[in-house]
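*Asks:* Under the UniProt record's numbering, think of the first position of the first sequence as 1, with each following residue one higher.
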Amino acid sequence: MSQPAQGTPQQDETEEYSFAALEERWGGYWEQHRTFAPLDDGSAERRYVLDMFPYPSGDLHMGHAEAFAMGDVVARYWMQQGYDVLHPIGWDSFGLPAENAAIKRNAHPAEWTYKNIDTQKSSFQRYGISADWSRELHTSDPEYYRWTQWLFQQFHAKGLAYRKDSPVNWCPKDQTVLANEQVVNGSCERCGTPVTKKSLNQWYFRITEYADRLLEDMQQLEGHWPERVLAMQRNWIGRSEGAHVDFRVEPTAATAGQNGQPGQDITVFTTRPDTLFGATFMVVAADADLALELVDAEHREALETYREGLKNVSEIERQATDRSKTGVFLGRHAINPLTGERLPMWASDYVLADYGTGAIMAVPAHDQRDLDFARTMGLDVRRVLDTGEEDPAVTGTATTGDGTLVNSGELDGLAKAEAISRAIEILDERGTGRGTVNYRLRDWLLSRQRFWGAPIPIVHCPDCGEVPVPEDQLPILLPQDVAGEQLAPKGKSPLAGIESWVNTTCPRCGGASRRDTDTMDTFVDSSWYYMRFASPNDDDQVFDRAAVDRWLPVEQYVGGVEHAILHLLYSRFFTKALYDMDLISFTEPFKALLNQGQVLNGGKAMSKSLGNGVDLGEQLDTFGVDAVRLTMIFASPPEDDVDWADVSPGGSAKFLARAWRLAQDVESSGAAPGTDPDGGERSLRQLTHRTVADAARLLDDHKFNVVVARTMELVNGVRKAIDGTAGAAGLGAGDPAVREAVEAVAILLSLFAPYTAEDMWAKLGHEPSVARAGWPAVDEALLVQDTATAVVQVKGKVRDRLEVPVDISAADLEQLALASEAVQRSLDGAEIRKVIVREPKLVNIVV
RNA sequence: GCCCCCAUAGCCCAAUUGGCAGAGGCGGGAGACUUAAAAUCUCUGUGUUGUGGGUUCGAGUCCCACUGGGGGUACCA
1 MSQPAQGTPQ QDETEEYSFA ALEERWGGYW EQHRTFAPLD DGSAERRYVL DMFPYPSGDL
61 HMGHAEAFAM GDVVARYWMQ QGYDVLHPIG WDSFGLPAEN AAIKRNAHPA EWTYKNIDTQ
121 KSSFQRYGIS ADWSRELHTS DPEYYRWTQW LFQQFHAKGL AYRKDSPVNW CPKDQTVLAN
181 EQVVNGSCER CGTPVTKKSL NQWYFRITEY ADRLLEDMQQ LEGHWPERVL AMQRNWIGRS
241 EGAHVDFRVE PTAATAGQNG QPGQDITVFT TRPDTLFGAT FMVVAADADL ALELVDAEHR
301 EALETYREGL KNVSEIERQA TDRSKTGVFL GRHAINPLTG ERLPMWASDY VLADYGTGAI
361 MAVPAHDQRD LDFARTMGLD VRRVLDTGEE DPAVTGTATT GDGTLVNSGE LDGLAKAEAI
421 SRAIEILDER GTGRGTVNYR LRDWLLSRQR FWGAPIPIVH CPDCGEVPVP EDQLPILLPQ
481 DVAGEQLAPK GKSPLAGIES WVNTTCPRCG GASRRDTDTM DTFVDSSWYY MRFASPNDDD
541 QVFDRAAVDR WLPVEQYVGG VEHAILHLLY SRFFTKALYD MDLISFTEPF KALLNQGQVL
601 NGGKAMSKSL GNGVDLGEQL DTFGVDAVRL TMIFASPPED DVDWADVSPG GSAKFLARAW
661 RLAQDVESSG AAPGTDPDGG ERSLRQLTHR TVADAARLLD DHKFNVVVAR TMELVNGVRK
721 AIDGTAGAAG LGAGDPAVRE AVEAVAILLS LFAPYTAEDM WAKLGHEPSV ARAGWPAVDE
781 ALLVQDTATA VVQVKGKVRD RLEVPVDISA ADLEQLALAS EAVQRSLDGA EIRKVIVREP
841 KLVNIVV
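1) Grab me the residues of residue 47's own chain with a C-beta within less than 6 Å of its C-beta, minus the 5 sequence neighbours each way, in chain order.
2) Give me the Cα-Cα distance between residue 671 and residue 736, rounded to the nearest whole angstrom.
3) Assuming residue 522 and residue 465 form a contact by the criterion Cβ under 8 Å, report the distance between their Cβ atoms to the nearest whole angstrom.
4) Pick helix, strand or coil for residue 537, following the three-state DSSP scheme.
5) For the region 59-78 against the region 98-111, are there 3 or more C-beta pairs whose distance is under 8 Å?
6) Quick check on this structure: which residue in 627, 636 and 708 has the alpha carbon closest to the alpha carbon of residue 649?
7) Quick check on residue 595: does DSSP put it in helix, strand or coil?
8) Could you give the distance in angstroms between the alpha-carbon of residue 22 and the alpha-carbon of residue 599?
9) Locate the beta strand (DSSP E) running through residue 770, then write down its first and last residues.
10) If distances are taken between C-alpha atoms only, which option among 387, 330 and 308 comes closest to residue 400?
11) When you compare the CB positions of residue 334 and residue 282, do they come within less than 8 Å of one another, or not?
12) How many Å lie between residue 830 and residue 819 at the Cα?
13) Would you mind listing the beta strand (DSSP E) stretches within the region 556-638 that are 3+ residues and don't spill past its ends, in chain order?
14) Report yes if the C-beta distance between residue 884 and residue 479 is below 8 Å; otherwise report no.
15) Nearest to residue 435 by alpha carbon, out of 273, 135 and 822?
16) Which two residues bound the contiguous alpha helix (DSSP H) that contains residue 240?
17) For residue 588, does the count of other Cβ atoms within 10 angstroms reach 16, so buried, or fall short, so exposed?
18) Quick check on residue 545: does DSSP put it in helix, strand or coil?
19) Just tell me which of 229, 37, 183 and 364 has its CA closest to the CA of residue 590.
20) Identify, in the order they occur along the chain, each residue of the same chain with its Cβ nearer than 8 Å to the Cβ of residue 764, setting aside the five sequence neighbours on each side.
21) Compare the C-alpha of residue 189 against each of 209, 93, 170 and 204 and name the closest.
22) Who are residue 269's beta bridge partners in DSSP?
23) Where do the ends of the alpha helix (DSSP H) carrying residue 298 lie?
24) Please check the pair residue 705 and residue 635, which I expect to be a contact at CB under 8 Å, by giving their CB distance rounded to whole angstroms.
25) The alpha helix (DSSP H) with residue 743 in it runs from where to where?
26) Quick one: Cα of residue 352 to Cα of residue 359, how far?
27) Could you tell me whether the region 768-782 touches the region 824-840, using the rule of 3 or more Cβ pairs below 8 Å?
28) Rounded C-beta distance between residue 571 and residue 527? I'm assuming under 8 Å.
29) Classify residue 510 as helix, strand or coil using the three-state DSSP reduction.
30) Verify whether the separation of the beta carbon atoms of residue 838 and residue 847 is less than 8 Å.
31) According to DSSP, is residue 264 helix, strand or coil?
32) Are there three or more Cβ pairs, one per stretch, closer than 8 Å when the region 192-206 is compared with the region 436-445?
33) Check each candidate in 134, 52, 153 and 243 and name the one with the smallest Cα separation from residue 38.
34) Is there contact here, the region 165-180 with the region 126-133, by at least three beta-carbon pairs under 8 Å?
35) Put residue 108 into one of helix, strand or coil per three-state DSSP.
36) Residue 716: buried (16+ other C-beta within 10 angstroms of its C-beta) or exposed?
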């Protein structure tokens, strides 16, 4: 890359290393010269690397510093390799903290948000991230959320966005509903408040329709995503094979004759149809409507009391597995379709309304929960599978293993797996059941009763019902003139209280209507931002298809593991849905994923309550950007946590100064850039080329910490080569091999320490930017060693070392080894049974 | 409870396919420079590779069990 010479900042030749001076000298340079904007002209292979975009929380912190240092290594490495790299950055700028801040300060959330972004952006720029700022986007900009709303309309048109009444997770503090994925250990993922259940009418995305594809397409990600993330998603989707079984419910006395109704069927899901003969009662979820429908008049009051009581039980209590079982009898019976037996029907909270069908057949002998319930309520326990263990009715421990079916009619004698398939066949033949696959995944609850998010672009018309706002009327803008208390959570969306905003006309009939007052979960915003980066300023469409086709999918995504089943699952769902709408041509958004570790202090996550936070700004002021970045990278492998108490940014700074002085030495030696390194000192050249070759392999494997170590080794080697050692005079800094080595150091360092690398590059007499210097060419001839050290072992113990030519034959090496005096001595005349030769490095003699 | 990951020097961590356990850093120790110190530089590394077993000529590396640590998930029928 040729930049005009006047673009090179001035420097003083006698200076000492000072990170502050370097940051001053090069700060703004890359931005001004658009060093990191992709060419997008087809002249080089395109690659898209992306860090999970940040929420503008106030300022950059240690966690950002770690994550973005990692992503930047990948981006800068690829740039050096000659790829046309797209490395954009933007802001996940909708969300609750802005709203809470606005309430506190009697302001509009936008004010706080965009002020934070200003601060944080300048911190990012100081941090030297190789981002293309011309593509910066904010999810809270109308230019962005217009297309979030547009996408919602597409989902709505396809039936993938819908409303339903359902018991939902409710955060009493944030006064809003939460998606299943946002409930962590029964508490709100955001604020930690115990979550309660509330029955509400809410918007959902039909992600369950994609459950099988979300599972199957993980094949594409195998080996490129961390295994544990894939495992977490697999668990979350929770595929389980089993059967639906229909049970006829006996009519009650009251309903028996009614309109000749034969009574209703209820269907249960079970993974154990083989135990059907062992079912002794039925349980329906107490909080499901089904319970109310089924209960007879005599037991209705008891059920209602029970349901009332459940409201006071928090999710945390409810989930405690050692909690004793409770429930009420419904006064009804169901008929076992295989045996004709009458089974009493109960309602309990240990059956979940929104898993399976919300009702189960209980087989207490072979399911611990059912057994606990049976023992509490005094219900029958019947063993139908002999596992050789003692009778569960006696021990109180259900047997769930394999064995032989008993007391099960024609299933008798079969093993578990055979019995399962046979039972499904029988149910099928009789039309009272069928094999099925059930998923744990629920639909994604996307509406939120909060202000600072994208309004759901729907109008509720008394005549036309639910009417989508037409495309040409998007975006539905958030009101501007609201602040403070108006935004306070009241259990319904703050937008509902702003009459001038709510009241509108129906786009279909023109009659008076009301807008939907909920806003979208911010995970909707982040489910497609990586696509928008391909054409962030396109005002006419959600994105430019051609640009998306050119750049996506993302080649390398970098971010924290905390999004394993939130953002990452949602984004995968969006990608598949958009693929089905023929908006994009790929089915997985992120080809590879790197989870960086956390930054800890003293073995614990930094937190205000522990008072162990480390202020990034202070670290940067004390040690400089480069030293902090280098420390993040060097401390441990990228996916491991970094404990700030264990690392030494001071050591990193020292190393950078050493490296930088090498460039200064070369500069003072007067050696001109562009000299042919061919005449240079060979062993230093070998070190340089070996280091560069290994670095590429290590970078491909994301072993960034090792690359830093190897760079340190090279720096040490160059220093020694220049100064010489006690025994030998040095080369001085003028040797072409020294220049070659120091240039390699500058390029390697450009991935981790951009300011130092840039300054070294300038000292070496090159035009900026070092970021575009190109990866050093490796001379294969310098990688091969002429001789190798062969280890000679006797019985696995090292007895001698031989310097041998690398291309020595096995036979020659064996002979040399056997001729060794040390070997003969340790053999001591023993009989040689076998000689293993791995030329040129090893001989093992077995006696 | 179930699933996954990890364990190498005082500490953070390296060690292509099984082949000499040590690259790099921190800390420690010794020394040089200094009146002294800081800074800088030089020198300095023997350890049950968590434990026990197995496979192999050979195991940090592969297999099994266990221990310790971390993470995920949990009335999911």
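Virtual Cβ for every residue (Gly too), placed ideally from N, Cα, C.
*Replies:* A quick look at the data gives this:
1) 78, 83, 85 and 555
2) If you take the alpha carbons of residue 671 and residue 736, they lie about 8 Å apart.
3) Incorrect: roughly 28 Å between the Cβ atoms, too far for contact.
4) coil
5) Touching, no.
6) Ranking the options by Cα distance to residue 649, first place goes to 627.
7) strand
8) C-alpha separation (whole angstroms): 26 Å.
9) Per DSSP, residue 770 belongs to no beta strand (DSSP E) and is neither H nor E.
10) 387
11) Taking 8 Å as the Cβ cut-off, residue 334 and residue 282 qualify as a contacting pair.
12) 15 Å
13) 556-559, 593-595 and 599-601
14) Any answer about residue 884 is impossible in this case: the structure gives the chain only from 1 up to 847.
15) 273
16) Careful: residue 240 lies outside any alpha helix (DSSP H), inside the beta strand (DSSP E) at 240-249.
17) buried
18) helix
19) 229
20) 663, 666, 667, 673, 739, 742, 743 and 746
21) 170
22) 244
23) 297-310
24) 7 Å
25) Note, residue 743: alpha helix (DSSP H), 736-749.
26) Rounded to whole angstroms, the separation of the alpha carbons of residue 359 and residue 352 is 8 Å.
27) no
28) So it is a contact: roughly 5 Å between Cβ atoms.
29) coil
30) no
31) coil
32) yes
33) Ranking 134, 52, 153 and 243 by Cα distance to residue 38 puts 134 first.
34) Because the criterion of three Cβ pairs below 8 Å is not met, the region 165-180 and the region 126-133 do not touch.
35) coil
36) Its Cβ having fewer than 16 others within 10 Å, residue 716 is exposed.
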